[in-house]
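Step one of this worksheet: look at the structure below.
Numbering (the numbering used here), first residue to last: 648 to 1140.
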């Protein structure tokens, strides 16, 4: 199970750590050539064994027996402790058996028997039978071998239980390490996903705010605001916006491009990308093999900007570089929705522009449209030809119009229109200029040029006395014109 978890999360394989020098026994330090170790689940390494018996047990037995013989020769009678009971060699047999188990105990019993009997077999007394003599010879070896087998089995059981416990502890430690590593990996993945989800939510909010900011009824403003929406919604490293013309697509905005980029600023009509885009009118992405062949090295996402109702192409949005983690199906779908929204907003702005151009009243500031002013001029010219009654108009140019934002310009136009309707004589009407917000036309029906001068002065006085802050801030430049054959041309200039 731990291996499966490791493979699932690409965790490093847990390897056995070598024993540190600090944990080695005195014997291992003194005799490194006898060194070996117990591996949980495997057993003892072969470097510590001779014929299946631990080297340390052999060495300890030999050392004890040699020292015992030296003591016997120096301090005792030299008969291998024949007069002692129990036999001192029994001590090493007991210790080795308890410490190491059956095999080592039998080895120790064998060596003890050899050290006891080789060159030291007692002669048979006259009072002993052959059986008594044999019994006297094999008594201690029999005790040692029997004790080694019985105590060794008991000891071996404890040793095996200890080894199994050590093995289980080792497995538990490995499992804990694996689970801990997997948990940390999952925690990092969770934090990364939380960060991405939070980033996507922030991107959605930013995209909504950006769309709300640029959403309007002006096609040029919509195209200029596409950059802001793309950055807020997808945050690509490099992208570009193309306009559509007779020669193909021409880059109008490029974000993130260097000085020596290989991306084409003009996509001509004879290129494969142009033909594919204009024919299919859909989003193309490098994830799709066919689309990747069309895009080549020109980007990862591209889509034409299309007017939904007519299918007319007016531009191209192309993303050249995007973070790999961001190139997901959801983001591709977001890109498609973004392109569709741009097309719809562009169409709505165009329809509104047509309606406003053909309308008689500006829907934003409620002031009569310039088109209606043109109709009025034509009618007053014909009226003057028939009745010889002259009329005039005054150009009101807002000299400091750049100091006002859009909302202030609308409020200023409404305040000016209300002032003229309330304070100026009948027959005087206000119209928007050709450039809405930067100038106005004041039509004076039935007033000669001298009367127009007087009315202009009166208007200036009213503006100075009015309490409206916007009117006080406004700086108007006036010029009077007599309505004649050249009036229409002069008004349009």
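Cβ coordinates follow ideal geometry from the N, Cα and C atoms, glycine included.
Over what stretch of residues does the alpha helix (DSSP H) that includes residue i continue unbroken?
i            : result
residue 1065 : 1053 to 1070
residue 912  : Residue 912 -> no alpha helix (DSSP H), and no H or E assigned at all.
residue 1033 : 1017 to 1034
residue 755  : 749 to 764
residue 927  : 919 to 927
residue 1077 : Unbroken run through residue 1077 is the beta strand (DSSP E), 1075 to 1079; no alpha helix (DSSP H).
residue 974  : Neither: residue 974 is in no alpha helix (DSSP H) and is coded neither H nor E.
residue 727  : Residue 727 -> no alpha helix (DSSP H), and no H or E assigned at all.
residue 1049 : Run containing residue 1049: none; DSSP gives neither H nor E here.
Can you tell me which residues form a DSSP beta bridge with residue i?
i            : result
residue 640  : The chain is shown from 648 up to 1140; residue 640 falls before or after that span and cannot be answered.
residue 1159 : Because the chain spans 648 through 1140 in this model, residue 1159 falls outside it and cannot be assessed.
residue 1125 : 1043
residue 952  : 962
residue 1089 : 1041 and 1077
residue 931  : 949
residue 968  : 885
Taking the Cβ atom as the reference point for each residue, do residue i and residue j lie within a distance shorter than 9 Å?
i            : j            : result
residue 1015 : residue 1079 : yes
residue 613  : residue 942  : Only positions 648 to 1140 of the chain appear in this structure, which leaves residue 613 out of reach.
residue 930  : residue 898  : no
residue 1127 : residue 1041 : yes
residue 741  : residue 699  : no
residue 703  : residue 748  : no
residue 869  : residue 996  : yes
residue 1059 : residue 1109 : no
residue 969  : residue 883  : yes
residue 785  : residue 737  : no
residue 787  : residue 734  : yes
residue 1075 : residue 1063 : no
residue 985  : residue 871  : no
residue 887  : residue 902  : yes
residue 953  : residue 990  : yes
residue 908  : residue 967  : yes
residue 889  : residue 946  : no
residue 1099 : residue 1066 : no
residue 757  : residue 792  : yes
residue 759  : residue 716  : no
residue 726  : residue 767  : yes
residue 936  : residue 1013 : no
residue 1116 : residue 1088 : no
residue 873  : residue 964  : yes
residue 1039 : residue 1095 : yes
Tell me where the beta strand (DSSP E) around residue i begins and ends.
i            : result
residue 1111 : Run containing residue 1111: none in the beta strand (DSSP E); it sits in the alpha helix (DSSP H), 1096 to 1112.
residue 898  : 895 to 902
residue 705  : Counting along the chain, residue 705 falls outside any beta strand (DSSP E), though it belongs to the alpha helix (DSSP H) covering 702 to 722.
residue 942  : Careful: residue 942 lies outside any beta strand (DSSP E), inside the alpha helix (DSSP H) at 936 to 942.
residue 885  : 885 to 892
State yes or no: is the C-beta of residue i nearer than 8 Å to some heavy atom of the ligand MG?
i            : result
residue 1125 : By its list of ligands, the structure shown contains no ligand whatsoever, and the ligand MG lies outside what it can speak to.
*Just list the alpha helix (DSSP H) runs in the region 771 to 847, keeping only unbroken ones of 4 residues or longer that don't cross its boundaries, in chain order.*
You should have found no qualifying run.
_Is it the case that the region 809 to 825 contacts the region 770 to 787, given that we only count it when at least three CB pairs across the two stretches are under 8 Å?_
Verdict: no, contact absent.
*Quick one: any contact between the region 1017 to 1026 and the region 1094 to 1109, if contact means 3 or more CB pairs under 8 Å?*
Taking 8 Å as the limit for Cβ pairs, the verdict is that the region 1094 to 1109 does not touch the region 1017 to 1026.
*Report yes or no: do the region 797 to 807 and the region 740 to 754 share at least 3 C-beta pairs separated by less than 8 Å?*
The region 797 to 807 is in contact with the region 740 to 754.
*For the region 1071 to 1088 against the region 1045 to 1063, are there 3 or more C-beta pairs whose distance is under 8 Å?*
At 8 Å Cβ cutoff, the stretches touch.
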